[in-house]
Amino acid sequence: MSTPALLEVRGLTKEYPGVRALAGVDLDVRHGEVHCLVGPNGAGKSTLIKCISGVVDPTEGTILLDGESIAGGSPSAAIGRGVATIYQELDLVADLSVTDNIFLGHEFRRRGLLDRARMRRETTELLRRVGHESIAPTTRVSDLRPAGQQVVSIARSLSHEVRLLIMDEPSAILDDSEIETLFDVVRRLTAEGVGVVYISHRLDEISRIGDRVTVLREGATVVSGLPASTPADELVTHMVGSSFEQLFPERAVGGGRVLLEVRGLQRLPDVKPASFELHAGEVLGIAGLVGAGRSELLRALYGVDRRDAGEVIIDGEALPAGRPDRAIAAGMGLAPEDRKSQALLLEWDLVKNVTLPDVARFQRGVIRVRAEREAVQTQLDALHTTPSDGSRRARELSGGNQQKVVLARWLLKECKVLLLDEPTRGVDVGAKAELFRIVTDLAREGLGVIVVSSEIEELRGLCTRILVMREGELVAELDAAEASELDVLRHAMPGTQQMVTSGASESDAPGKEA
Amino acid sequence: MSTTSTDAHTAGERSWRLALPSTMRLQEYTLVGVIVALLVAGTILKPDTFLTTDNVRAMLTQASVVGVLAIGMTFVIATSGIDLSVGSIVAAAGVAGGLVIDSGAWAFFLVCFGFALLLGTVNATAIAVGRVVPFIATLAMLAIARGLALQMSDKRPISLISSEPVRWFGTGEIIGQPVSIWIFLAVTVVGWILLNRTRYGRHVVSVGGNREAARIAGVPVRRTVFSVYCLSGLLAGLAAILLSGRLASASPVSGELLELDAIGATVIGGTSLAGGRATIVGTFMGVVVFAMIFNLLTQLDLATEWQQIVKGVIILAAVLIQRPERI
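Protein sequence lines correspond, in order, to chains Y and R.
Numbers 1 to 514, taken from the working numbering, label the letters of the first sequence in order.
Numbers 1 to 327, taken from the working numbering, label the letters of the second sequence in order.
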């Protein structure tokens with residue numbers, strides 16, 4: 001194994017104010033190898049590939065490609081040096097042809113006009129190289145299946161000279177037969193000597209396509225260069241780690257009356273029929289990987305997205321589909337995944353943001369502005385929002401305080417069921433602990449809270465029960481006090497089903513009952 | 001990561017805000033300055049005719065038609081929409097009312113309002129129910145309503161000279177001031193209360209500011225969007241009555257380019273075309289500034305074609321001032 005490395009990453013660090021996204025990552029990729037990169041959400045995988053592909057400047061550390069430093073360049077410089085990146089969301093233009101997509105931005109020209117014939121010839125050549133000459137260069141991309149689009153994406157990356165190909169969860173949108181197609185393409189490229197960095201949440205893929213595997217956790221390399229034959233169980237153990245911060249207040253016990261009943265709630269393809277109950281005084285966690293359908297479940301439940309089938313019953317009252325206003329009137333409140341784009345009017349002051357769902361209560365003919373301001377101020381102070389001045393614009397607040405503004409909104413509305421989608425995303429550790437305390441207090445007061453989070457530790461520390469979602473389905477219900485992070489991950493990860501044995505802490509999956 | 005860039009952005013903005021409380025107030029202060037500057041300029045250039053009671057009254061009377069439309073336009077633009085059809089609706093509503101003038105003034109008022117509201121509702125339906133882009137839906141209505149006005153009137157103006165109540169809106173006075181000025185002021189005050197002191201107003205601005213967030217907060221988005229085009233239509237009906245009263249006739253070619261004046265006044269007032277920020281006070285001042293500029297230009301014998309050019313340049317400059325800080 002004395003082959004010099006194609007890619008050599010040493011001590012890579014990336015700091016954002018207050019956050020260390022990468023804290024010393026090492027990685028080496030050989031010529032012609034498929035190097036898999038795994039780690040839980042937020043482990044720093046995306047930041048790492050952004051550094052390699054020149055999108056982000058690392059704070060410290062070196063990135064060598066064939067011995068030549070490429071850190072701190074631009075994306076186009078990285079492409080020029082032979083680093084191609086295929087992101088999870090395909091960035092093709094759906095209405096353009098295969099050829100037009102492949103040469104978008106670097107079209108061949110002859111005497112000022114597009115040299116269409118030459119581009120078509122080159123396209124055919126590229127498609128042959130990845131083994132898909134059956135795709136006609138003139139096909140519109142929107143007419144191709146996801147796997148076909150992926151092939152076009154790869155072919156496009158090959159229209160430049162490629163030495164290193166980075167693929168971010170390429171299989172996430174593909175079904176099993178399509179994945180095989182993808183693997184064929186990858187094998188062809190590695191046979192040409194191209195090195196591949198392959199990110200995936202599906203551990204079963206690693207042994208099928210990978211040569212070696214590196215595990216990241218909390219921005220650092222845990223183990224690097226393990227053989228791809230390493231058992232999935234062992235990889236999961238590496239991903240979990242052991243640090244368990246004492247951020248959490250005493251757990252909400254639940255056990256009140258049934259507040260919310262969900263029966264066969266479905267919104268295909270993201271949410272397969274889901275049934276569960278939420279009790280007063282309970283914090284119910286929903287765990288799962290990104291893309292497992294957790295946010296979609298909450299949105300369908302709340303009515304932002306229309307459900308295909310199923311019932312949502314809150315305190316005995318059945319909610320109509322696709323009517324958030326009715327859900328709110330019945331006592332539900334949603335703090336969505338993306339505060340900036342889904343919850344707040346950033347140019348508005350805090351007062352108006354808080355009262356938006358319920359401003360009518362201050363209106364006697366006209367809105368009593370002073371009463372409104374005072375009521376909001378009480379809520380903001382109770383939540384220790386800083387700045388607490390209600391006339392500040394929402395844009396000026398930090399992530400954690402923006403989240404408090406959203407919470408204040410639903411507390412003022414006196415809601416019974418609170419849905420929190422990734423409540424701690426973009427929130428620093430101190431504010432996290434505060435949010436946990438607020439959520440637990442609310443549950444003690446008799447609210448039912450549902451928390452969707454990618455941070456399993458958070459759910460384990462905060463929740464009464466944890467439901468695990470995988471590929472749109474509720475696959476397990478765990479007692480949060482007893483379940484280990486490993487238990488949750490085993491259920492959450494596709495390709496690990498065979499390892500799931502009937503452990504003590506798991507009961508039957510509610511989704512399977514339906 | 002997005003948090004980081006926003007933090008940096010906020011820090012930069014904060015130092016900017018030390019000097020200037022907020023962009024909206026900046027624009028309103030600017031407008032007060034412009035009005036003062038115009039008063040000074042007018043007094044110097046035309047000392048005998050500009051700052052006289054008669055001329056001020058004439059300016060405001062002229063401004064009232066555009067003003068009524070601009071208040072409605074403010075609600076539409078607050079939802080990040082646009083209504084290009086108001087000028088044509090003014091003509092169509094006036095003509096429709098004129099057709100029934102023989103049945104009495106009340107028939108005229110009723111049909112005027114009713115027809116304008118009907119056309120506004122067609123806009124509303126196309127946009128809120130049919131999900132047609134506001135620009136296109138109201139552009140189509142611009143053509144349709146003008147066509148209707150010409151067709152219904154056989155391309156001839158309808159005289160309303162015999163109707164005392166209709167002419168009262170053009171020539172009548174309340175407490176010594178023209179009726180149309182009072183109506184413009186009343187619409188402005190009601191519009192301000194509606195926008196700033198009612199749930200409906202909050203809903204309107206939230207829909208333009210962040211439609212998804214508004215929906216999640218339980219705002220009936222479609223109903224709100226629907227309502228602003230109805231409101232704009234209704235106010236076009238009112239504008240038609242004011243205009244007919246002043247001209248003592250209902251002309252199928254009246255109201256041309258009124259939508260330009262209404263949109264222009266709204267935008268130079270500081271209401272954001274992107275939605276989410278609306279100011280009735282700004283719109284009111286925008287209308288007044290427009291009226292003063294054209295009154296002054298007319299007194300200085302600048303040809304109307306030049307006035308058009310000046311108008312366009314002012315609107316462009318206003319939009320440049322309030323353009324987003326980043327794209």
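The beta-carbon is built from N, C-alpha and C at its ideal position, and this holds for glycine as well.
- Exposed is the label assigned to H106(Y), since fewer than 16 other Cβ atoms lie within 10 Å of its Cβ.
- For R263(Y), the enclosing beta strand (DSSP E) stretches over residues V258 to R267.
- Assignment of A93(R) by DSSP, reduced to helix, strand and coil, places it in the helix class.
- Every alpha helix (DSSP H) stretch that sits fully inside the stretch 419-457 of chain Y and reaches 4 residues is listed by chain position as 429-444.
- Counting the other CB atoms within 10 Å of its CB gives H201(Y) a total of 16 or more, which places it among the buried residues.
- If you check each beta-carbon in the stretch 211-234 of chain R against every beta-carbon of chain Y, the ones closer than 9 Å belong to E212, A213, A214, R215, I216, A217, G218, V219 and P220.
- In summary, W106(R) is exposed, with fewer than 16 beta-carbon neighbours lying within 10 Å of its beta-carbon over all protein chains present.
- Beyond the five residues adjoining it in sequence on each side, R470(Y) comes within less than 7 Å, by CB distance, of G288, A292, H491, A492 and P494 in the same chain, given in chain order.
- Bounds of any alpha helix (DSSP H) do not take in C463(Y), whose DSSP letter is neither H nor E.
- Chain Y places a beta carbon closer than 7 Å to that of R202(R), counting this residue as a contact.
- I367(Y) is the residue among I367(Y), V83(Y) and R128(Y) whose C-alpha sits nearest the C-alpha of W192(R).
- When DSSP reads this structure, F276(Y) sits in a beta bridge with V262(Y).
- Under the Cβ distance rule, I71(R) does not count among the residues neighbouring chain Y, no pair being separated by less than 7 Å.
- Nearest C-alpha to V151(Y) among I179(Y), V25(Y) and D66(Y): I179(Y).
- Between the C-alpha atoms of D301(R) and G312(R) there is a straight-line separation of about 19 Å.
- In this structure V40(R) is exposed. Its beta-carbon is surrounded by fewer than 16 other beta-carbon atoms within 10 angstroms.
- No Cβ of chain R is located within less than 7 Å of the beta carbon of D57(Y).
- Within the same chain, Cβ atoms closer than 7 Å to the Cβ of V186(Y) are found at V34, V196 and I209, the five residues on either side in sequence being excluded.
- The C-beta of L289(Y) comes no closer than 7 Å to any C-beta of chain R.
- Burial state of F276(Y) is buried, judged by a 10 Å Cβ sphere holding 16 or more other Cβ atoms.
- Chain order gives no chain Y residues near S88(R), where near means a beta carbon separation below 7 Å; the closest approach is about 33 Å.
- Fewer than three Cβ pairs drawn from the stretch 372-379 of chain Y and the stretch 292-308 of chain Y lie within less than 8 Å of each other, which leaves the two stretches out of contact.
- Under a criterion of Cβ atoms nearer than 8 Å, the residues of chain R adjacent to S341(Y) are, in order, N210, E212 and A213.
- Residues L142, A145 and R146 of the same chain have their beta carbon placed closer than 6 Å to that of S88(R), with the five preceding and five following residues left out of the count.
- Burial state of Y29(R) is exposed, judged by a 10 Å Cβ sphere holding fewer than 16 other Cβ atoms.
- Secondary-structure assignment with DSSP links G193(Y) through no beta bridge to anything.
- A straight-line Cα-Cα distance of about 32 Å links D176(Y) and P75(Y).
- Scanning chain R for C-beta atoms nearer than 8 Å to the C-beta of V197(Y) yields nothing, as the closest lies near 20 Å away.
- Taking a Cβ-Cβ threshold of 7 Å, none of the residues of chain Y is close to I77(R); the smallest such distance is about 15 Å.
- Relative to the Cα of E122(Y), the nearest Cα in the group V98(Y), V141(Y) and R140(Y) belongs to V98(Y).
- Per DSSP, M332(Y) is one residue of the beta strand (DSSP E) stretching across M332 to A335.
- Between E347(Y) and chain R, the shortest Cβ-Cβ separation is below 7 Å.
- Note that the C-beta distance between L114(Y) and N101(Y) is not below 7 Å.
- Out of A239(R), Q307(R), R246(R) and A291(R), the CA that lies nearest to the CA of S85(R) is found in A239(R).
- Around the beta carbon of E250(Y), fewer than 16 other beta carbons sit within 10 angstroms, so the residue counts as exposed.
- For the stretch 267-286 of chain R, residues whose beta-carbon sits nearer than 8 Å to a beta-carbon of chain Y comprise G276 and R277.
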